[in-house]
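Chains as they are written, first to last, in the working numbering: chain Z, 1 to 300; chain F, 301 to 985; chain H, 986 to 1431.
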């Protein structure tokens, strides 16, 4: 195949990759914002974020398909469940282990992810579940590029959620308190901010983001116990590459990864996942703190 | 102290000074490995036992990285796979004898581990965790896709078993290993012998490493990288080294796995493998932030500190799924419980979290804390102390009149912030040089530049003729400049004596093999340094604290331990960064007295301090900084009278006699402010 | 940390309890669509429009109808009464959880029905046969654990399994070392039974201990390619997953295709777990592919159908039996599955014996979501029990009896003399046929 042909085929694949990648990438970004919120606040994060997404997706299956509840009710119920799970994970897997360097919470949240996956397998079974989209499953076509209405909704809803999150963090008193804790917990504590409570709030926010991502993506990729693992890892890769304390970097890299995956898949699907992770190793070898993260020195 | 019969030590060429009890118990373990399977020759049980043995090997390796060195690797499943493939390919394609393939595979995995570690070990915590996750996923994709070599998901078949004097060992085939008149055993037993003996050997050798200098050093690196650097430990090299060792063991384990069934396939090596391996270790008790995992094992090895956590963990976790499977067949188990029992990973996860929360030292650590067990643990007798007067070996000191340490026009900018802006400072040999300055004047930044923590934006640091400003802290330490820290950086979980022993890091001459085999040379040198460490402690009047855990001491004593550790390096110049910070008034007198004593013993000292009583009391010469610039220099009396200095201290002469509490407050404020400055700065290192 | 320990313990306890409670409800909370397969009686009516829809002339292979008589097939035929004694054990290491759980779970049902019939008819001279099922979780090393246990602890006379070829390749050396006959009811890889990855009649040597009641890959591929030939497909593309199954199938197809004179316009791959194959399908679309022959498993196949819909790509999907996994119509919807062609050895409507078996499944389990796996499980068991009847419970004699079976009557299209010294697979290309989805059900094409 000559170069011209290669370029031409690239551009023929590009529009669809952009559309599909944008939807998938905004889900990565949404999950990864959860890593950002807890990491800036507590320097910890939840390695079970992908499994939280999975629980959100499967719960929406139970509520929408099995119980036949209206969409909004299901969304609210998933958010409430995520609030509880966020509190629980902070209490069980983060708070008791924060003193023990990073090893403690990384391992305990990995443990949570293992438990949730197994639990889902027992409770919902191993089969994949179809969750119908409220917008129907007939794709829309723009020229020859197709998009499921649900995918449009994903892009819209996740961008709105992220905008709301950033607005909340930067503008509201609560958000500012969260930022203060992130910046200097000791000083924030002296100023009368309840640091412990803020940590819980950060975990709740992070869980809600994962839950929303789960509800959004379930109609597109089928819900099942294993769905969260790779999504969570790729979102984490996006967070790490983008710089875990940089929400805009995370958004850019998340969406970039989503699109890149589709382009790579059109050449060789086997390398689809490998490319993301190889890129990650190279970037971290070059800049151990991520692409858009400012390097900080340790105070001694 | 009367030594019991079993604790009597034997002077062997390797495993030197091993106790009689250890020898007997090790021999008993060997005998058990040989005899028990012959009694119960059941291929199924043997298979489980083989798995315990080779997973133990991997777990011991992972223990080194996760437990001792404190880095989370979620990628050891990948290294395990590399070992498995290397050995399988060498044996099938390369025609290499299986025994040699085992060794080569471990080496290949070690090489891959080092290649992974070299560029990525600068990353930490979740970043490193992500790198290792990425690695294990890439290994999986390569195993899956590179079908010409790995045969991908089709798998490599007919991997031979090792040969036993010409007979290939196959699990379910019986043969007579000891000639025609000997007993008949199944291949499963023979393979168990091989794997179990390898596991025992690995266990003994790593025990030697982890309880000796090697373990001490990686423990130190885990607890404070910066402190380890400033006493001459190349943190990066040690991290890569620990990771490589652990990769070697993961690879060996993988090789044993490959030859067990004679078939490997890419589908086995998914990311879950890494998680499983990790759980083996955690539950077993790698996760010790205490002195590691000595356990009842002492009973087995009667004298050495050993770390059987990985063995305990692997045993529990290999048996668990089989146990659950068997359990679910009993009629009393209700139907609803069966699907739960089938999901053994659920139990792994739950055990992982429970173990982390309730017994962070793992089962092995928890056993150790049982009443009575502590009494059984051995203690190495301390050498007697001797009086010490001279310390520094420094040649520079003798008759030198020119300054020993020179900071020449140092500039250190953080973005727009000029933390240090053209400071020149000479430190004269055998003297105590004081450095004062108000909050935010750049003192700590200057110390960080002098010791290589920061690379200066401009200017030069010289020690005699050596230029220091492009060197890393450990290289600067090697040249003879070391320091203490404002916020004390001790290796908290180590004893006082061990802290000081880490300080001798650069002086110890024996090699890796000496440590692993615990040769006579190792024992000789180690006991010599224990003696020197005790001497040093008695020089600082803290010899009685030698066996105390560093973190259990009051702040003032911790400060002295930190000084002792720095002195162990034999420095020409010792930099004390706010030695009075956080200690009480009565301790300040002690610290001042110690500083003078150290100077008198021949070490040049640069002391940075807020506390005017201390700095004016001990210094021969004082320099004052303000807003990143030197504003005055002279004798303590001259400085106290200097108008600019007084002005710098907000025109408040009372600042010269800050209370301890105030000094501490100022210190905290400065720390916060500087941390802020640094956070916003881009430091390209 | 100790101060908060009681709370932590309480929470952990709560977690464990809620898990327990949740699992107690699991069957109620997650019903698996029992109404999916309709009673077998209504089938013949459903077949006619399908037959009418098929325009191409019927394949010669179709003429070889299964050797089913008018009597219903039952494993009771092989039971013999007698003095009784210790139960005779058969081991079955299959995936009951994991990606291929659907295959294992439904196969187990077929095995159970057969064993129940056999035991009710007296078993082997009054001795009951007991099948021990162990889940291999789709992990080779666990499959080996299971088989080692069967051999050394349970002392089984034979083994039924696996579902995944990889797991079988892992345990094959064990059954060969221990000399235990194994009948493979599901896994399809050639190399599981023969000494080569590519099957060549008369050249490939079977393992003495491995037999197959499943549809060997090369025959499936042959069947679907013959179907393509018969239908005059002229713009064929190949897609396959990157698993061992997908890769081996693709290699086999590459070998068979030149002889049939096909021109393959494009080949694309995807990974297990992929959810969006639009990139790959766009490539085949650009290459002008109008018919895709696909080698993949259920969930990915469903995603493939959805991805084609997403890019508005009208293409005829066909493939090996991965498409017959009931998750395909479940996940993609009956509309998208409509007209997809797959390979089968069994459909509920193919013969009276098959219809009768479908009825038994429906009666016993009130659902039959994956008929072909149940049928192959049933037949594999029936072969072993028929052999047992003549050989007695000795693994070596049992092996010889399996190899020399004659007069076998099964519910699938397996012939009366399923095996021979050089042939260890019961189903050949001529016994398989193309089946097509009509209204969410697989029906035989004519």
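Positions of the beta carbon are idealized from the N, C-alpha and C atoms, including for glycine.
Alpha-carbon to alpha-carbon, residue j and residue i
i	j	result
residue 25 of chain Z	residue 854 of chain F	53 Å
residue 1418 of chain H	residue 546 of chain F	54 Å
residue 1426 of chain H	residue 1349 of chain H	20 Å
residue 1370 of chain H	residue 1353 of chain H	23 Å
residue 1324 of chain H	residue 1193 of chain H	40 Å
residue 1366 of chain H	residue 1414 of chain H	22 Å
residue 536 of chain F	residue 516 of chain F	16 Å
residue 43 of chain Z	residue 745 of chain F	25 Å
residue 315 of chain F	residue 411 of chain F	28 Å
residue 512 of chain F	residue 309 of chain F	17 Å
residue 834 of chain F	residue 424 of chain F	35 Å
residue 1383 of chain H	residue 564 of chain F	30 Å
residue 850 of chain F	residue 801 of chain F	13 Å
residue 1213 of chain H	residue 1301 of chain H	11 Å
residue 610 of chain F	residue 358 of chain F	8 Å
residue 891 of chain F	residue 943 of chain F	29 Å
residue 1235 of chain H	residue 443 of chain F	18 Å
residue 1241 of chain H	residue 244 of chain Z	52 Å
7 Å Cβ shell around residue i - same chain, five flanking residues per side excluded
i	result
residue 238 of chain Z	28, 29, 32, 250, 253, 254 and 257
residue 200 of chain Z	87 and 90
residue 1233 of chain H	1174, 1182 and 1202
Proximal residues to residue i (C-beta, below 8 Å), its chain only, five neighbours per side dropped
i	result
residue 193 of chain Z	177, 180 and 181
residue 230 of chain Z	50 and 273
Cutoff 6 Å; reference residue i; Cβ partners in own chain excluding five residues on either side
i	result
residue 217 of chain Z	27
residue 1392 of chain H	1401
residue 705 of chain F	727, 763 and 873
| query | If we count Cβ pairs, one from each stretch, closer than 8 Å, do we get three or more for the stretch 844–862 of chain F versus the stretch 753–770 of chain F? | reply | no
| query | Looking at chain H, which residues of the stretch 433–458 of chain F have a Cβ within less than 8 Å of any of its Cβ atoms? | reply | 444, 445, 447, 452, 453, 454, 455, 457 and 458
| What are the residues of the stretch 1113–1130 of chain H that lie near chain F, defined by any Cβ-Cβ distance shorter than 9 Å? | 1117, 1119, 1120, 1122, 1123, 1124, 1125, 1126, 1127, 1129 and 1130
| task | Anything in the stretch 1146–1160 of chain H with a Cβ closer than 7 Å to a Cβ of chain F? List those residues in chain order, please. | result | 1151, 1154, 1155, 1158 and 1159
| Which residues, in order along the stretch 230–247 of chain Z, keep a beta-carbon less than 8 Å from a beta-carbon of chain H? | 230
| field | Sufficient close CB pairs (3 or more, under 8 Å) joining the stretch 1062–1077 of chain H to the stretch 1333–1343 of chain H | value | no
| Contact set between the stretch 462–483 of chain F and chain Z, restricted to residues whose Cβ is under 8 Å from the partner | none
| task | Identify every run of the alpha helix (DSSP H) within the stretch 791–823 of chain F, keeping only runs that are complete inside it and at least 4 residues long; order them along the chain. | result | 796–803 and 812–817
| Can you find at least 3 beta carbon pairs, one from the stretch 1220–1239 of chain H and one from the stretch 1275–1283 of chain H, that sit closer than 8 Å? | yes
| task | Run through the stretch 376–449 of chain F for me and flag every whole alpha helix (DSSP H) of 4 or more residues, listed as ranges in chain order. | result | 376–392, 398–420 and 425–445
| query | If you measure beta-carbon to beta-carbon, which residues of the stretch 1084–1102 of chain H are closer than 8 Å to chain Z? | reply | 1084, 1086 and 1087
| task | May I have a chain-ordered list of the alpha helix (DSSP H) segments no shorter than 4 residues that lie completely inside the stretch 100–167 of chain Z? | result | 101–124
| Cβ pair count under 8 Å reaching 3, the stretch 1250–1270 of chain H against the stretch 270–288 of chain Z | yes
| said: Report the start-end ranges of each alpha helix (DSSP H) in the stretch 1198–1263 of chain H that is 4 residues or longer and not cut off at the edges. | reply: 1202–1215 and 1229–1245
| query | What residues from the stretch 1247–1258 of chain H come within 9 Å of chain Z, judged by C-beta to C-beta, listed N to C? | reply | 1253, 1254, 1255, 1256 and 1258
| task | Spell out a yes or no on whether the stretch 735–749 of chain F and the stretch 487–495 of chain F are touching, meaning 3 or more CB-CB pairs, one atom from each, closer than 8 Å. | result | no
| request: Could you pull out every unbroken alpha helix (DSSP H) segment of at least 4 residues lying fully inside the stretch 203–285 of chain Z, listed in chain order? | output: 227–242 and 247–267
| Sufficient close CB pairs (3 or more, under 8 Å) joining the stretch 356–376 of chain F to the stretch 539–557 of chain F | yes
| said: With three or more C-beta pairs closer than 8 Å as the rule, is the stretch 196–211 of chain Z touching the stretch 391–410 of chain F? | reply: no
| field | Under 9 Å (Cβ pairs) to chain Z, residues found in the stretch 1271–1288 of chain H | value | 1271, 1283, 1284, 1287 and 1288
| request: Output, in sequence order along the chain, the residues in the stretch 409–424 of chain F whose CB is closer than 7 Å to any CB in chain Z. | output: 419, 420, 422 and 423
| Is the stretch 135–152 of chain Z in contact with the stretch 5–22 of chain Z, if contact means three or more CB pairs nearer than 8 Å? | yes
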